[in-house]
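Residue numbers (the working numbering), protein chains in the order written: chain Z, 1 to 205; chain L, 206 to 410; chain Y, 411 to 615; chain R, 616 to 820. For glycine and all other residues, C-beta sits at the position ideal for the given N, C-alpha and C. Structure record follows, encoded as structure tokens.
Number of protein chains: 4
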Amino acid sequence: MTNQVNNQQIKKEKQALILEAAGRVIREKGYHQARMADIARRAGISYGLVYHYFGGKAEVLDALIEEWFTGLDAVMDLQTQGDRPVEKKLEALVHFFLDQYEERPDLVHVIITEVSRSTIHLTPERLSHIKRIMARTEEIMAQGQAEKILRRDLRARYLSYFFLGAVETLISTMVYENQTLRGRLQKQRLAEALLTMFFDGARAR
Amino acid sequence: MTNQVNNQQIKKEKQALILEAAGRVIREKGYHQARMADIARRAGISYGLVYHYFGGKAEVLDALIEEWFTGLDAVMDLQTQGDRPVEKKLEALVHFFLDQYEERPDLVHVIITEVSRSTIHLTPERLSHIKRIMARTEEIMAQGQAEKILRRDLRARYLSYFFLGAVETLISTMVYENQTLRGRLQKQRLAEALLTMFFDGARAR
Amino acid sequence: MTNQVNNQQIKKEKQALILEAAGRVIREKGYHQARMADIARRAGISYGLVYHYFGGKAEVLDALIEEWFTGLDAVMDLQTQGDRPVEKKLEALVHFFLDQYEERPDLVHVIITEVSRSTIHLTPERLSHIKRIMARTEEIMAQGQAEKILRRDLRARYLSYFFLGAVETLISTMVYENQTLRGRLQKQRLAEALLTMFFDGARAR
Amino acid sequence: MTNQVNNQQIKKEKQALILEAAGRVIREKGYHQARMADIARRAGISYGLVYHYFGGKAEVLDALIEEWFTGLDAVMDLQTQGDRPVEKKLEALVHFFLDQYEERPDLVHVIITEVSRSTIHLTPERLSHIKRIMARTEEIMAQGQAEKILRRDLRARYLSYFFLGAVETLISTMVYENQTLRGRLQKQRLAEALLTMFFDGARAR
DNA sequence: TATGAATGAGCTTTCATTCAT
DNA sequence: AATGAATGAAAGCTCATTCAT
């Protein structure tokens with residue numbers, strides 16, 4: 001038993017090692033340019049072994065994407081439910097993205113460039129992931145409108161697009177300019193600026 | 206003389222034909238999945254002829270991108286200069302994107318997925334295109350701040366990221382959901398909603 | 411009539427123009443790397459026109475080779491027959507090669523690299539050309555042996571190989587080092603050295 | 616350890632197998648007409664595997680050439696140094712070429728047709744190979760002149776061209792006529808004839 | 001005569017995947 | 001679990017040749 005648990009443990013670690021390497025390589029060269037041999041070399045293993053742990057190249061990307069949405073879902077579970085104010089919920093969401101970018105920039109980069117904006121890799125599975133996140137964000141917006149915190153002349157769906165788009169723009173800009181994100185303070189400032197823009201807009205008062 | 210003019214004309218038309226086909230194919234399959242044979246077939250010409258008019262696959266994408274930025278630059282030239290109010294300038298920009306999406310959805314799609322978000326295809330030439338657009342948008346924002354129309358607690362650069370990001374999010378969402386855009390009224394409403402969000406934010410008043 | 415003669419004349423000139431260009435291009439890039447477009451551009455005409463004057467690429471090379479062997483045959487006709495001493499006949503042959511190299515280095519280059527040493531392009535036609543030249547040289551050697559001027563312990567065929575090989579080596583070396591050949595004196599010296607080697611060998615006496 | 620040695624061994628053998636096949640195919644069709652698929656088929660492997668062992672078509676030719684010059688260099692090392700008589704040194708060189716032609720006619724054929732006479736494939740690397748051989752032959756000739764065995768009215772460089780040219784002519788003739796070379800006696804006779812011609816010339820005495 | 005647009009077979013090379021060891 | 005040799009489909013590009021004008 002313990003042996004089996006150990007084996008499971010070792011397998012997970014090896015898979016994580018491969019995904020880590022895959023993240024880096026795909027970030028640098030893009031999914032199509034990334035070769036299995038690159039990923040294996042980066043992970044320090046032979047390329048045959050990648051096929052031992054994953055079914056193929058597409059499955060590696062799948063695992064990466066799964067990892068992302070699992071984390072995002074967990075935060076959503078935590079934030080969507082409960083009656084905390086809308087501002088706090090959205091703030092938590094922004095922080096999730098910023099934290100992820102700090103901890104796993106490669107993963108975030110891949111999600112932005114290969115999934116979020118690309119219609120090519122859009123398998124039904126991935127589409128449903130995205131739609132679920134959109135729907136849950138929409139729920140938060142609807143709640144905000146119900147509580148008369150958010151304007152009602154724009155549809156909740158539209159507000160959620162706008163919000164997620166802003167988050168993505170922020171992250172994309174950093175990805176794009178290869179910015180690193182360091183320290184709680186910087187994240188705090190970025191999150192505030194973003195939420196200010198979202199809630200109050202660009203107009204001087 | 207007339208003959209040469211005619212030949213030039215015919216050449217341009219043939220190139221436009223190829224670019225039209227390339228736009229569609231790349232939209233559908235993505236740049237890497239798009240085969241030269243697909244493009245040729247879609248354009249109704251032989252395989253080799255694409256190479257008669259373009260140096261290769263990359264050059265076809267280049268021409269597509271060039272087309273986009275040439276149009277965008279023209280609008281920028283028209284809008285950046287002059288002392289019209291900031292709101293009008295930004296409105297014109299939004300309308301340019303919406304008009305383009307209506308007229309050439311394939312081109313816009315390709316720009317969004319293959320250039321705007323992809324760090325792989327980022328040649329120095331393309332990067333300078335993007336930076337120029339960013340800089341010119343920033344100028345408009347700075348003007349708005351100088352005229353006390355836009356808030357000054359956020360940097361002009363940041364406002365421009367946010368604005369362009371919002372435009373891109375809007376377009377992306379339509380691209381993403383394969384929405385068609387028809388009629389002046391719908392564009393008017395979308396532009397208004399976007400500008401409202403940008404200027405006044407999501408908060409109820 | 412005069413018109414037809416003129417047309418014939420013009421046609422010959424145009425063909426010569428193309429062959430001149432072909433010689434240069436094939437010399438520089440080799441037959442396979444030489445493109446019809448290169449030849450046409452060098453000749454200052456459109457590449458379609460080359461097909462008006464020649465049947466195709468192979469035929470252009472054929473014409474070049476024909477040109478060479480026609481000249482060589484003429485010299486052979488002049489030298490083989492008659493009862494002049496063997497030394498004079500061989501000297502005349504050497505001078506033919508040197509004169510040709512001076513006047514038409516491209517042609518000589520092409521013959522050396524594409525025909526003389528290459529078994530690939532060896533069509534039956536070309537092979538018979540070469541065999542004829544060999545046979546006629548052999549005749550000269552046989553005459554020399556009969557006149558007791560040349561040694562008889564080596565077969566005439568072998569002497570002719572050796573002689574033609576030496577000529578070819580001389581020319582090849584110049585071709586190879588891109589040497590230009592200028593002036594009667596230099597040719598005289600080269601011919602003498604070659605004939606000295608052929609008749610008397612390298613041994614000091 | 617033994618395993619690694621074995622793998623190295625197997626790799627060498629496989630490469631040799633491919634080079635053997637490449638030699639045959641290039642001999643038959645010439646470098647440009649030789650297709651990678653032909654080489655693979657002749658070697659009895661898939662064509663992808665050729666790329667596993669060699670970087671590409673050019674690299675296969677490189678390896679073939681390298682093989683030749685490595686052998687030739689070794690003989691040169693053995694012959695150039697030491698104070699044996701010039702006649703013996705040149706005899707050893709002639710025998711090297713004849714032995715090689717007997718053992719590896721394809722390789723010799725390829726060297727003669729694709730390297731020795733072709734200015735197209737002349738990479739700087741190959742040129743330096745050839746120049747080195749020429750220089751070392753020249754040294755032998757200079758030694759012969761110093762020892763008053765070779766005539767001094769012709770430059771050592773010229774004697775070496777002539778000698779190497781004669782060797783090449785001999786081999787070329789066999790290559791050209793597809794002659795096979797069998798038995799020590801035939802080689803002995805050919806070598807003698809060649810050296811006789813080189814040292815004493817064609818004149819009857 | 002002259003042009004060059006148009007065609008498409010043919011070639012090299014890449015790389016995901018399989019499989020024997 | 002681990003390796004990397006082996007496979008072959010797939011794709012970009014070249015260029016001799018044809019042909020409408």
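Quick one: Cα of K626(R) to Cα of D721(R), how far? 22 Å
CB S775(R) to CB T752(R), shorter than 8 Å? yes
Is Y176(Z) closer than 8 Å to T324(L) when the C-beta atoms are compared? yes
Taking Cβ-Cβ distances below 9 Å as the criterion, which residues of the segment 431-443 of chain Y are in contact with chain R? R437, E438, K439, G440, Y441, H442, Q443
Is the CB of I735(R) under 8 Å away from at least one CB in chain Y? yes
Would V504(Y) and L591(Y) be called neighbours here (beta carbons separated by less than 8 Å)? no
Cut-off 6 Å between Cβ atoms - residues of its own chain near F54(Z), not counting five sequence neighbours on either side: V60
Please list, in chain order, the residues of the segment 318-346 of chain L that have any C-beta partner in chain Z closer than 7 Å. T318, R322, S323, T324, I325
Three-way DSSP call (helix, strand, coil) for M616(R) in this model: For M616(R), the predicted model reports a pLDDT of 46, less than 50, meaning its position is unreliable and no value from the coordinates is stated.
Let me confirm a value: H52(Z) is counted as buried when at least 16 other C-beta atoms fall within 10 Å, else exposed. Which label applies? exposed
Would the beta-carbon of R536(Y) fall within 8 Å of that of I449(Y)? no
Quick one: what does DSSP say R546(Y) is sitting in, helix, strand or coil? helix
For R561(Y) and R818(R), which I take to be in contact (beta-carbon distance under 8 Å), what is that distance rounded to the nearest angstrom? 7 Å
Any beta carbon of chain Y sitting closer than 8 Å to that of Y662(R)? The beta-carbon of Y662(R) is placed no less than 8 Å from the nearest beta-carbon of chain Y.
Do you know how far the Cα of A242(L) is from the Cα of Q186(Z)? Straight-line spacing of the CA atoms in Q186(Z) and A242(L) works out to 49 Å.
Supposed contact pair A678(R) and L634(R) - C-beta distance, whole angstroms, cut 8 Å: 6 Å
Are the C-beta of R289(L) and some C-beta of chain Z separated by less than 8 Å? no
Same chain, Cβ closer than 7 Å to W68(Z), five either side skipped, listed in chain order: L107, I111
Mind listing which residues of the segment 159-176 of chain Z have their C-beta closer than 9 Å to chain L's C-betas, in chain order? L159, Y161, F162, F163, L164, G165, A166, E168, T169, L170, S172, T173, V175, Y176
Let me know if R189(Z) comes out buried or exposed under the rule of 16 or more other beta-carbons within 10 Å of its beta-carbon. exposed
Between I335(L) and F96(Z), what straight-line distance do the alpha-carbon atoms span, to the nearest angstrom? 28 Å
Which residue or residues does DSSP assign as beta-bridge partners of R462(L)? Because chain L spans 206 through 410 in this model, residue 462(L) falls outside it and cannot be assessed.
Enumerate, from N- to C-terminal direction, the unbroken beta strand (DSSP E) stretches of 3 or more residues contained entirely within the segment 435-497 of chain Y. none
Look up R567(Y) in the DSSP assignment and say whether it is helix, strand or coil. helix
Q286(L), buried or exposed, once every other Cβ within 10 Å from all chains shown has been counted against 16: exposed
Taking a contact to mean a Cβ-Cβ separation below 8 Å, would you say Q33(Z) touches G71(Z) in this structure? no
Using the three-state DSSP reduction, which class does T328(L) fall into: helix, strand or coil? coil
Is the beta carbon of I550(Y) closer than 8 Å to that of L697(Y)? Past the edges of chain Y, shown from 411 to 615, lies residue 697(Y), and the structure says nothing about it.
Contact check, F813(R) vs A781(R) under 8 Å by CB: the rounded distance? 6 Å
My output table needs one value for T412(L): the three-state DSSP class, helix, strand or coil. Because chain L here runs from 206 to 410, residue 412(L) falls outside it and cannot be looked at.
Starting from the beta carbon of M446(Y), find every residue of chain R whose beta carbon is closer than 8 Å, and list them in chain order. What M446(Y) touches in chain R: nothing, since even the nearest Cβ is about 16 Å away.
Taking R732(R) as the reference, which of E513(Y), E578(Y), V435(Y) has the closest Cα? E578(Y)
Does chain Z have any CB closer than 8 Å to the CB of K353(L)? In terms of beta-carbon proximity, K353(L) lines the interface with chain Z, with at least one pair separated by less than 8 Å.
Against A808(R), what residues of chain Y qualify as contacts under a CB-to-CB distance less than 8 Å, listed in chain order? The contacting residues are L564, Y568.
Using CA coordinates, which residue listed in T173(Z), E87(Z), Q179(Z), L154(Z) is at the minimum distance from A396(L)? L154(Z)
If the cut is a Cβ gap below 9 Å, which residues of chain Z does G406(L) touch? R151, T196, M197, F198, F199, D200, G201, A202, R203
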